[in-house]
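These notes are about the structure you will find just below.
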Amino acid sequence: MTNSLLLIGSLVIIALATYAGFLLMKLRQQTQAQQAKLAEQQQAALQREQAITTDIHYIATAMLEERCELSEGVMRIGKLFAIANLAEQATANYPALFEHFALIESHPIMEARKALPKKQRMQLDLTRMKSESALEARILQEAKQIAETYQVTANENH
Numbered sequence: 137m138t139n140s141l142l143l144i145g146s147l148v149i150i151a152l153a154t155y156a157g158f159l160l161m162k163l164r165q166q167t168q169a170q171q172a173k174l175a176e177q178q179q180a181a182l183q184r185e186q187a188i189t190t191d192i193h194y195i196a197t198a199m200l201e202e203r204c205e206l207s208e209g210v211m212r213i214g215k216l217f218a219i220a221n222l223a224e225q226a227t228a229n230y231p232a233l234f235e236h237f238a239l240i241e242s243h244p245i246m247e248a249r250k251a252l253p254k255k256q257r258m259q260l261d262l263t264r265m266k267s268e269s270a271l272e273a274r275i276l277q278e279a280k281q282i283a284e285t286y287q288v289t290a291n292e293n294h
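Every position in the sequence shown, counted from 1, becomes a number in the working numbering once 136 is added.
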């Protein structure tokens with residue numbers, strides 16, 4: 137009787153130990169899968185950030201080379217900084233650019249602009265052109281700073 141209880145007890149202990157080993161193996165697999173997923177997400181975020189900074193550099197350079205209109209470049213750069221969660225820092229570093237951006241960011245574009253009455257479109261254009269005229273030199277200087285600041289990051293992508 138004692139031997140059979142010892143045997144049953146041993147079998148229960150072996151079964152529980154095997155089950156515990158199985159659970160530990162599953163936990164290790166889940167942890168490895170989570171770490172791999174996290175690393176993949178971090179890599180994707182880094183690539184996205186590098187693509188955004190490359191785009192910022194490219195647009196700033198295009199503005200300097202007059203391949204991109206001033207307001208269009210300001211709008212694109214302003215939105216890219218916002219996407220990259222750098223708008224607050226960039227606003228402090230590039231005040232003229234963001235002053236103009238604040239003025240034009242709510243202006244309708246494309247079909248929405250075409251739907252406006254001609255007088256309203258002209259008023260928006262006048263407001264935009266006055267701001268461009270007043271801030272152009274400072275915006276271009278800031279675009280030069282942006283192109284230089286983000287050049288290293290942009291070159292690393294190529």
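Heads up, the beta-carbon is just placed ideally off N, CA and C, and yes, glycines get one too.
Under the 8 Å Cβ criterion, the region 232-240 counts as touching the region 259-270, having at least three qualifying pairs. Between the C-alpha atoms of Q259 and A180 there is a straight-line separation of about 43 Å.
The shortest CA-to-CA distance from I195 to any of Q166, T138, G209 and I219 is the one to G209. Sequence-distant Cβ neighbours of M211 in its own chain, meaning closer than 8 Å and more than five residues away, are F237, I240 and E241. Distance from the CA of Q177 to the CA of A187, rounded to the nearest whole angstrom, comes to 15 Å. In the structure shown, E201 adopts coil according to DSSP, grouped into three states.
Between the region 273-286 and the region 221-237 there are three or more C-beta pairs closer than 8 Å, enough to call the two in contact.
Here I213 is near I192, since their CB atoms are less than 8 Å apart.
K162 and Y286 have their C-alpha atoms some 45 Å from each other. Secondary structure of P244 (DSSP, three-state): coil. In the structure shown, A251 adopts coil according to DSSP, grouped into three states. Under the three-state reduction of DSSP, L233 is assigned to helix. Of the candidates L200, T189, L160 and E205, the residue whose Cα lies closest to the Cα of A218 is T189.
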